[in-house]
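Student: I'd like to ask you about the structure that follows.
In this note's numbering, the protein residues as written are 11 to 126.
Written out as structure tokens, the structure reads:
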């Protein structure tokens, strides 16, 4: 949601905990992370549903038909999975206070390191 809120920064600069008092570099880092995560998800789970372009009377070029049927995931299942692995950040006076709540059996990825 941070990408959407960044488009409306005039409002969210004073209302979004991620923006209040944050340096442009910190915000840029969050946005880069969002875009990179979206890129990876699109590449790994790309939708191969067809988007056709149809000739429409009165137009010089074919027009895209956005009425493509997609098969969606069960959103509730994804939300539940995510909540069971949540690492919470509590905001106090615009400052993030990390409150990490590990799952009962932590899921660590062997060999995983933080990015540079």
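Glycine is no exception: its CB is placed at the ideal position from the N, C-alpha and C atoms.
Between which two residues does the alpha helix (DSSP H) containing residue 62 stretch?
Tutor: That residue, residue 62, is in no alpha helix (DSSP H); its beta strand (DSSP E) goes 62-64.
Student: Does the contact criterion of 3 or more C-beta pairs under 8 angstroms hold for the segment 52-60 versus the segment 77-86?
Tutor: At 8 angstroms Cβ cutoff, the stretches touch.
Student: Residue range of the alpha helix (DSSP H) that residue 74 falls in?
Tutor: Looking at the DSSP string, residue 74 is not in any alpha helix (DSSP H); the run it does join, the beta strand (DSSP E), is 73-75.
Student: Can you give, in chain order, each stretch of the alpha helix (DSSP H) that sits fully within the segment 17-72 and has at least 4 residues?
Tutor: Correct list: 19-22 and 34-54.
Student: Which of the three DSSP states, helix, strand or coil, is assigned to residue 84?
Tutor: Correct three-state label for residue 84: coil.
Student: If residue 12 sits next to residue 44, beta carbons under 8 angstroms apart, how far is it from one beta carbon to the other, in whole angstroms?
Tutor: Contact holds; Cβ gap of about 5 angstroms.
Student: Between residue 72 and the rest of its own chain, which residues show a CB-CB distance below 8 angstroms, the 5 nearest in sequence each way excluded?
Tutor: For residue 72, where only same-chain residues beyond five positions count, the Cβ hits under 8 angstroms are 63, 64, 65 and 66.
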